[in-house]
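Take a look at the structure below.
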Amino acid sequence: MSNISYREVNDDVVRTMTETGRSYYIALSLCLVGIVITFGLPWVYQIYTGQGVTGLHSPAYWGVYLTNFVFWIGISHSGTLLSAILFITQTPWRRSIYRSAEAMTFFSVVTAATMVFVHMGRPWNWYWTFPYPNQRELWTNFKSPLMFDVFAIGTYATASFIFLYFGSIPDLAAVRDRVAGWRKSLYGALALGWRGTDREWDLLQKAYTFFAVFIIPLAVSVHSIVSWDFASSKIPGLNKTIFAPYFVIGAIYSGSAGIVTLMILLRKAIKFEKYITHVHFDKLGILLVVMSLLWTYVNITEVFTGWYTGTSYELESLSYRMFTTPFAYLFWLMIACNTFFPLLFVFRKVRVSIVAALLISIGINIGMWIERYLIISTSLPRKFLPNMWRDYFPSWVEISLTVGTFLFFTLLFLLFVKLWPSFSIYEIKEDIGIPMEKKGH
Amino acid sequence: MNHSVLGFFPYADRLLGAAARLKQAGYRNITIFSPIPIVHEVDHVLGEKKNPIKFFTFFGSLTGFFFGTTLAFGTAALYILPRFGKPVWSVTPTVVIAYETTILLGVFATLVSFLFFARLPYYKKRVYDIKIGVDRFGLLVRAEEEKLRYVEEVLKEAGAEEVKRIYED
Numbered sequence: 001m002s003n004i005s006y007r008e009v010n011d012d013v014v015r016t017m018t019e020t021g022r023s024y025y026i027a028l029s030l031c032l033v034g035i036v037i038t039f040g041l042p043w044v045y046q047i048y049t050g051q052g053v054t055g056l057h058s059p060a061y062w063g064v065y066l067t068n069f070v071f072w073i074g075i076s077h078s079g080t081l082l083s084a085i086l087f088i089t090q091t092p093w094r095r096s097i098y099r100s101a102e103a104m105t106f107f108s109v110v111t112a113a114t115m116v117f118v119h120m121g122r123p124w125n126w127y128w129t130f131p132y133p134n135q136r137e138l139w140t141n142f143k144s145p146l147m148f149d150v151f152a153i154g155t156y157a158t159a160s161f162i163f164l165y166f167g168s169i170p171d172l173a174a175v176r177d178r179v180a181g182w183r184k185s186l187y188g189a190l191a192l193g194w195r196g197t198d199r200e201w202d203l204l205q206k207a208y209t210f211f212a213v214f215i216i217p218l219a220v221s222v223h224s225i226v227s228w229d230f231a232s233s234k235i236p237g238l239n240k241t242i243f244a245p246y247f248v249i250g251a252i253y254s255g256s257a258g259i260v261t262l263m264i265l266l267r268k269a270i271k272f273e274k275y276i277t278h279v280h281f282d283k284l285g286i287l288l289v290v291m292s293l294l295w296t297y298v299n300i301t302e303v304f305t306g307w308y309t310g311t312s313y314e315l316e317s318l319s320y321r322m323f324t325t326p327f328a329y330l331f332w333l334m335i336a337c338n339t340f341f342p343l344l345f346v347f348r349k350v351r352v353s354i355v356a357a358l359l360i361s362i363g364i365n366i367g368m369w370i371e372r373y374l375i376i377s378t379s380l381p382r383k384f385l386p387n388m389w390r391d392y393f394p395s396w397v398e399i400s401l402t403v404g405t406f407l408f409f410t411l412l413f414l415l416f417v418k419l420w421p422s423f424s425i426y427e428i429k430e431d432i433g434i435p436m437e438k439k440g441h
Numbered sequence: 001m002n003h004s005v006l007g008f009f010p011y012a013d014r015l016l017g018a019a020a021r022l023k024q025a026g027y028r029n030i031t032i033f034s035p036i037p038i039v040h041e042v043d044h045v046l047g048e049k050k051n052p053i054k055f056f057t058f059f060g061s062l063t064g065f066f067f068g069t070t071l072a073f074g075t076a077a078l079y080i081l082p083r084f085g086k087p088v089w090s091v092t093p094t095v096v097i098a099y100e101t102t103i104l105l106g107v108f109a110t111l112v113s114f115l116f117f118a119r120l121p122y123y124k125k126r127v128y129d130i131k132i133g134v135d136r137f138g139l140l141v142r143a144e145e146e147k148l149r150y151v152e153e154v155l156k157e158a159g160a161e162e163v164k165r166i167y168e169d
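Here the protein sequences line up with chains R and C, keeping their order.
Using our numbering, the letters of the first sequence correspond one by one to residues 1 to 441.
Using our numbering, the letters of the second sequence correspond one by one to residues 1 to 169.
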């Protein structure tokens, strides 16, 4: 990267925000129309008609909406977390990718939150989840993992946004200096009057370190708490102590794969091949192999934990998931996507092959979505006694809203690329090196 | 009356050399502008700065911990709901709530203290040049008018591309 000048970095990043091609508007319009059709209208239909339009029923009151919720919270896990870990360990290849990864975190949390509202049935009562003084003197139940969720995800969304915005202040100032018109006013306000003084940089670095230190335990707690939504119940297939590490590892795994997919698409779309190089995919590929092995290990442990209980209902839950169609197809597809294909990253040729990295990373997230779907849809419908058994399959409304979440995430990201410096100008410059006359630059 | 001299450098080592000379000559009001963080290099020349943020972060986190604990315990006391002989005040779930609020208020305190000490947001006119956001390093020295000639000489000798005097209103 040493052959790139500082000015070029400013030009390239500002270009992504100011020059907009026709294909961008087409993608944006398709997303908007798609969201109305796949998300907006079915949701209105569901609210108007009632939750009966979904496939949810007794005893399976949790379904695809919560699968999507866990999936998107999982996707959010690598952005900010990876950025924080790589910042603390001073890993140089972080610099080109972390801004978009952090944005990915924030947008996935927002996307996950939409699923909570959809699942609620009466979303206008959302504020009932918050502890607020009311006439009945009734308070929320702080012993419920669902309340833990409200606090954990609320904190995570807030901290992730602050982490993203805070790290962007110097870049927003750099953009402010280059643009005119409404953009000048907008970025002038967002840059807060940043000038790049030694005092400002010093405080920024110190505060950023604190944020990074906060983010790591926070991210771990968020997915642990999400896992307790399930694990603290007594349902066969859910009541397992391994769930917290299982979910956290799964989340980092799917989040890392999400970063790979996103970076490949982004570098192609905005022509940033010189900033996101094969080195990045090489390192991320190694990370995915490690996460794949960890996930496989925890997955095997999870299955064995169920098997070793020796109870008929746990064994039924396992056999329903692993050997009964149609879930068995999904289970073994998940194993193929998450355990076997990522092993190809052992070979450097595969790691630096963009097509292979794209396919495997998408495969990992298909597998991770299936994992969450199987956890929910093979446990609740197979409660203790056979007279309680009733299969769960999502209705068209649930499938449509699921597609809608992907379009919603894409829309947020498209807006981000146009309105925010999606690459950190100052950190890419750090990668290039400090210009010193003695060494040159 | 105090005025300033601002010099622009293409190389950081040239700027740091000039800053070191001026500091040695007794100039105290020195500000360095840069497009990237050169915190360690600046600390080496101007001395390490104190970190006031850490106290705010610590007390913010502590406040968050007490807030979370009080919220969970206090609301349990306000509306006692006995369930199966389980304790009204339960430590384990309270720790989870307190853990999250500790982080939340710690993050807020860090952000607010950063803004306070960095004096941001600030939207009035201040000494700045858009070159700094691209690829130039700036050295701003504020001193009495009679001492500024020496500053200008040092900056030019050190290799500043441009040196300008700034008169404040």
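All C-beta atoms in this analysis are idealised placements derived from N, C-alpha and C, irrespective of residue type, glycine included.
Asked	Found
8 angstroms is my cut-off, CB to CB: does residue 85 (chain C) come that close to chain R?	no
Given that residue 225 (chain R) touches chain C, what residues does it touch there, using C-beta distances under 8 angstroms?	96
What are the boundary residues of the alpha helix (DSSP H) that includes residue 7 (chain C)?	First-last for residue 7 (chain C): 2-9, but that is the beta strand (DSSP E), not the alpha helix (DSSP H).
Three or more C-beta pairs under 8 angstroms: does that hold for the region 298-307 of chain R against the region 240-249 of chain R?	yes
Work out the CA separation of residue 172 (chain R) and residue 158 (chain C) for me, nearest whole Å.	31 angstroms
Measuring only the C-alpha atoms, how far is residue 222 (chain R) from residue 255 (chain R)?	14 angstroms
By the 10 Å Cβ neighbour count, where 16 or more other Cβ atoms means buried, how is residue 23 (chain R) classified, buried or exposed?	exposed
Quick check on residue 139 (chain C): does DSSP put it in helix, strand or coil?	strand
I need the straight-line Cα distance from residue 435 (chain R) to residue 19 (chain C), nearest angstrom please.	16 angstroms
Might you give, ordered along the chain, the residues of its own chain that have their beta carbon closer than 7 angstroms to the beta carbon of residue 404 (chain R), omitting 5 neighbours on each side?	35, 38 and 39
Would you kindly work out how many angstroms separate the C-alpha atoms of residue 110 (chain R) and residue 157 (chain R), rounded to a whole number?	8 angstroms
In chain order, what residues of the region 204-228 of chain R put their CB closer than 8 angstroms to some CB of chain C?	204, 205, 206, 207, 210, 211, 214, 217, 218, 221 and 225
How many whole angstroms separate the CB atoms of residue 99 (chain R) and residue 423 (chain R), which I take to be in contact at a CB cut-off of 8 angstroms?	6 angstroms
Within 8 angstroms (strictly less), CB to CB, does residue 465 (chain R) reach chain C?	The question about residue 465 (chain R) has no answer, for chain R in this structure spans 1 to 441.
Taking 8 angstroms as the threshold, find out whether the region 376-383 of chain R comes into contact with the region 60-80 of chain R through three or more Cβ pairs.	yes
Rounded to whole angstroms, what is the Cα-Cα separation between residue 66 (chain C) and residue 96 (chain C)?	12 angstroms
Please name the residue in R:5, R:10, R:145 and R:20 whose C-alpha comes closest to that of residue 270 (chain R).	R:20
Smallest Cα separation from residue 45 (chain C): which of C:64, C:142 and C:14?	C:14
Quick check on residue 387 (chain R): buried or exposed, where buried means 16 or more other Cβ atoms within 10 Å of its Cβ?	exposed
Find out if the Cβ-Cβ distance for the pair residue 295 (chain R), residue 120 (chain C) is shorter than 8 angstroms.	no
Against chain R, which members of the region 122-149 of chain C pass a CB distance test of less than 7 angstroms?	122, 123, 126, 128, 130, 132, 133, 134 and 135
Taking DSSP as the reference, what is the three-state secondary structure of residue 166 (chain R)?	helix
Does the distance from the CB of residue 6 (chain R) to the CB of residue 429 (chain R) come in under 8 angstroms?	yes
For residue 4 (chain R), name the three-state secondary structure that DSSP assigns.	coil
Apart from the five residues just before and just after residue 110 (chain C), which ones in its own chain have a Cβ nearer than 8 angstroms to its Cβ?	53, 56, 57 and 60
I'd like to know if residue 372 (chain R) contacts chain C, where contact means its C-beta is closer than 8 angstroms to some C-beta of that chain.	no
What residues in the region 182-205 of chain R have a beta carbon less than 9 angstroms from any beta carbon of chain C?	188, 189, 191, 192, 193, 194, 195, 196, 197, 198, 199, 200, 201, 202, 203, 204 and 205
Strictly under 8 angstroms for the Cβ-Cβ distance: is residue 18 (chain C) near chain R by that measure?	no
Determine the burial state of residue 88 (chain R): buried for a count of at least 16 other Cβ atoms within 10 Å of its Cβ, exposed for fewer.	exposed
Checking the sheet assignment: what are the DSSP bridge partners for residue 162 (chain C)?	C:8
I'd like to know if residue 11 (chain C) contacts chain R, where contact means its C-beta is closer than 8 angstroms to some C-beta of that chain.	yes
Who are the near neighbours of residue 441 (chain R) in its chain, counting only those whose CB is closer than 8 angstroms to its CB and skipping five residues on each side?	Residue confidence for residue 441 (chain R) is low, a pLDDT of 45 falling below 50, so the modelled location carries little weight; the figure read from the coordinates is stated next. Hits under 8 angstroms: 2, 432, 433, 434 and 435.
Taking 8 angstroms as the CB-CB cut-off, is residue 326 (chain R) touching chain C?	no
Answer yes or no: do residue 266 (chain R) and residue 272 (chain R) have a C-beta to C-beta separation smaller than 8 angstroms?	yes
Please list the partners that residue 138 (chain R) has in chain C, where partner means a Cβ-to-Cβ separation under 8 angstroms.	79
Find the nearest neighbour of residue 398 (chain R) within the set R:18, R:14, R:116 and R:84, judged by alpha-carbon distance.	R:116
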